[in-house]
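Student: 17 is the number of the first residue of the sequence shown in the numbering used here; add one for each residue after it.
Using N, Cα and C, we set each Cβ at its ideal position, and we do this for glycine too.
Computed from a predicted structure; not experimentally measured.
Take this structure, written in structure tokens, and hold onto it; I'll ask about it next.
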Amino acid sequence: MTQATATTLALEAGEIEIWPQSVAIQDWIEPTVKIAVFEDTARFHPRLIERVLALETDPVLGKTFPGYVGSAKVYHVDRWNCPEAELIHRRALEMFHRVLGTDKVSVDLSWSNIYRNGDYCLPHSHVRSTASIVYFLELGLDAESDGDTHGGAGRGRFMFTDPRMKVCCREEAQAMTTPGGPIACNGMMLMFPSALVHMVDVYRLPGPRITLSWNLNEDPVPGAPLPA
């Protein structure tokens with residue numbers, strides 16, 4: 017993978033900024049949740065999607081799970097031997113730097129999630145990390161959705177279900193009554209404290225829904241992030 021300068025990478029589509037100057041990091045309703053949306057996705061998404069799906073059955077990096085934890089995963093984004101994967105990996109690290117105002121970052125684990133018809137993920141938190149990042153690579157839009165990825169049931173919506181979040185407790189403090197999350201789009205990067213409880217609703221569209229995730233700290237955490 018060729019790095020053209022300290023701020024760009026060379027892809028098949030040409031040189032591309034690691035963090036475009038036009039991309040701002042914004043607060044969601046809950047200020048601990050940060051959002052950035054990249055608009056240059058046409059230049060690298062097709063090849064990145066192709067690479068994720070090709071690695072799905074890789075005996076080292078790929079693993080298939082029951083539907084309640086997301087069907088299939090491809091681990092270690094930085095080992096995919098793919099410039100487009102290197103780009104989005106670098107963007108995730110840069111978001112961590114910018115949000116926390118630190119020069120340090122350690123990746124405890126990174127992976128892709130591939131959802132197919134009937135897959136979902138139960139409410140959970142991430143361990144061994146300070147911050148988690150999700151990147152929405154392919155939300156599986158169908159011809160009838162008109163770009164509304166979360167307008168109805170079956171679209172695999174990412175949602176927070178945490179009683180510590182006011183947005184989830186609209187009836188009574190610390191009583192989780194209202195799951196909710198940002199309206200996602202392809203190219204959105206979402207960063208949040210790893211301890212926040214979140215989930216993915218059941219996915220029912222015909223094509224795969226693909227996201228990438230990172231668990232990050234300033235300093236490495238001892239031990240292995242995956243079970244033996």
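Hey, out of L228, G239, P238, L242, whose CA is closest to L109's CA?
Tutor: On the sequence shown, residue 109 is found 93 positions in, with the first residue counted as 1. Out of L228, G239, P238, L242, L228 has the C-alpha closest to the C-alpha of L109.
Student: Using the Cα positions of V53 and H105, report the straight-line distance between them to the nearest angstrom.
Tutor: The residue given as residue 53 occupies position 37 in the sequence shown. The residue given as residue 105 occupies position 89 in the sequence shown. C-alpha separation (whole angstroms): 15 Å.
Student: Are any of the Cβ atoms in chain B nearer than 8 Å to that of F208?
Tutor: In summary, chain B is missing from the structure at hand, where a single protein chain is found.
Student: Who are G196's beta bridge partners in DSSP?
Tutor: Within the sequence shown, numbered from 1, the residue matching residue 196 stands at position 180. DSSP output for G196 lists F176 as bridge partner(s).
Student: Mind reading off the beta-carbon distance from T24 to I34? Whole number of angstroms is fine, and I expect it under 8 Å.
Tutor: What you label residue 24 is simply residue 8 of the sequence shown in a count that begins at 1. What you label residue 34 is simply residue 18 of the sequence shown in a count that begins at 1. Indeed they touch by this definition, with Cβ atoms about 6 Å apart.
Student: Need the endpoints of the beta strand (DSSP E) that R225 sits in, please.
Tutor: By 1-based counting over the sequence shown, the position of residue 225 is 209. First-last of the beta strand (DSSP E) with R225: 225-233.
Student: Taking just the CA atoms, how far does C184 sit from A191?
Tutor: Numbered from 1 along the sequence shown, position 175 holds the residue referred to as residue 191. Numbered from 1 along the sequence shown, position 168 holds the residue referred to as residue 184. Approximately 8 Å, taken between the alpha carbons.
Student: Should S141 be labelled buried (16 or more other beta-carbon atoms within 10 Å of its own) or exposed?
Tutor: Translated into the one-based positions of the sequence shown, residue 141 becomes position 125. Exposed, since its Cβ has fewer than 16 Cβ neighbours within 10 Å.
Student: If contacts are defined as beta-carbon pairs under 8 Å, then L125 and N233 qualify, I think. What distance do you get, rounded to the angstrom?
Tutor: Residue mapping note: residue 125 aligns to position 109 of the sequence shown, counting from 1. Residue mapping note: residue 233 aligns to position 217 of the sequence shown, counting from 1. At roughly 11 Å, the Cβ-Cβ gap does not stay under 8 Å, so L125 and N233 are not in contact.
Student: Using only CA atoms, which one of Y219, F176, P198 lies nearest to Q42?
Tutor: For this step, residue 42 is matched to residue 26 along the sequence shown. Nearest C-alpha to Q42: P198.
Student: Please list the segments of the beta strand (DSSP E) lying wholly inside the region 111-166, counting only runs of 3 or more residues, in order along the chain.
Tutor: 122-131, 137-140, 147-154
Student: Considering only their Cβ atoms, is the gap separating G203 from G156 smaller than 8 Å?
Tutor: Residue 156 sits at position 140 when you count from the first residue of the sequence shown. Residue 203 sits at position 187 when you count from the first residue of the sequence shown. Going by C-beta atoms, G156 is not nearer than 8 Å to G203.
Student: What is the DSSP secondary structure of P99, counted as helix, strand or coil?
Tutor: Translated into positions along the sequence shown, residue 99 becomes position 83. Secondary structure at P99: helix, using DSSP grouped into helix, strand and coil.
Student: Please check the pair I65 and I226, which I expect to be a contact at CB under 8 Å, by giving their CB distance rounded to whole angstroms.
Tutor: Position 49 of the sequence shown, counting from 1, holds the residue named residue 65. Position 210 of the sequence shown, counting from 1, holds the residue named residue 226. Yes, they are in contact, since the Cβ atoms of I65 and I226 sit about 6 Å apart, within 8 Å.
Student: Which two residues bound the contiguous beta strand (DSSP E) that contains E31?
Tutor: Position 15 of the sequence shown, counting from 1, holds the residue named residue 31. That run of the beta strand (DSSP E) goes 30-33.
Student: Taking the continuous beta strand (DSSP E) assigned at V216, which residues delimit it?
Tutor: The sequence position of residue 216 within the sequence shown is 200, counting from 1. Where V216 is concerned, the enclosing beta strand (DSSP E) stretches over 214-216.
Student: What are the start and end residues of the beta strand (DSSP E) that includes V53?
Tutor: For the purposes of this step, residue 53 is taken as residue 37 along the sequence shown, with counting starting at 1. Run containing V53: 50-53, per the beta strand (DSSP E) assignment.
Student: Quick check: what's the CA-CA separation for D164 versus R180?
Tutor: Along the sequence shown, one-based indexing puts residue 164 at 148. Along the sequence shown, one-based indexing puts residue 180 at 164. Low per-residue confidence applies at D164: pLDDT is 43, beneath 50, and the placement is therefore not dependable, though the value from the model is reported in the following sentence. For D164 and R180, the distance between alpha carbons rounds to 28 Å.
Student: Please go through the same chain and pick out, in chain order, the residues whose beta-carbon is closer than 7 Å to the beta-carbon of T80, but skip the five residues on each side of it.
Tutor: By one-based count along the sequence shown, residue 80 stands at place 64. Same-chain partners within the cutoff: S87, A88.
Student: Can you pull the DSSP bridge partners for T80?
Tutor: Stepping through the sequence shown from its first residue, residue 80 is reached at position 64. DSSP output for T80 lists A88 as bridge partner(s).
Student: DSSP state of L221, grouped into three classes?
Tutor: Indexing the sequence shown from 1 puts residue 221 at position 205. Three-state result, L221: coil.
Student: Does DSSP classify L242 as helix, strand or coil?
Tutor: In the sequence shown, counting from the first residue as 1, residue 242 sits at position 226. Coil.
Student: For I32 and S38, what's the separation of their Cα atoms in angstroms?
Tutor: Here residue 32 refers to the residue found at position 16 when the sequence shown is read from its first residue. Here residue 38 refers to the residue found at position 22 when the sequence shown is read from its first residue. Rounded to whole angstroms, I32 to S38 spans 13 Å at the Cα level.
Student: Comparing C-alpha positions only, which one of D178, C201, V237 sits nearest to P209?
Tutor: Position 193 of the sequence shown, counted from the first residue, corresponds to residue 209. Taking only the C-alpha atoms, the option nearest P209 is D178.
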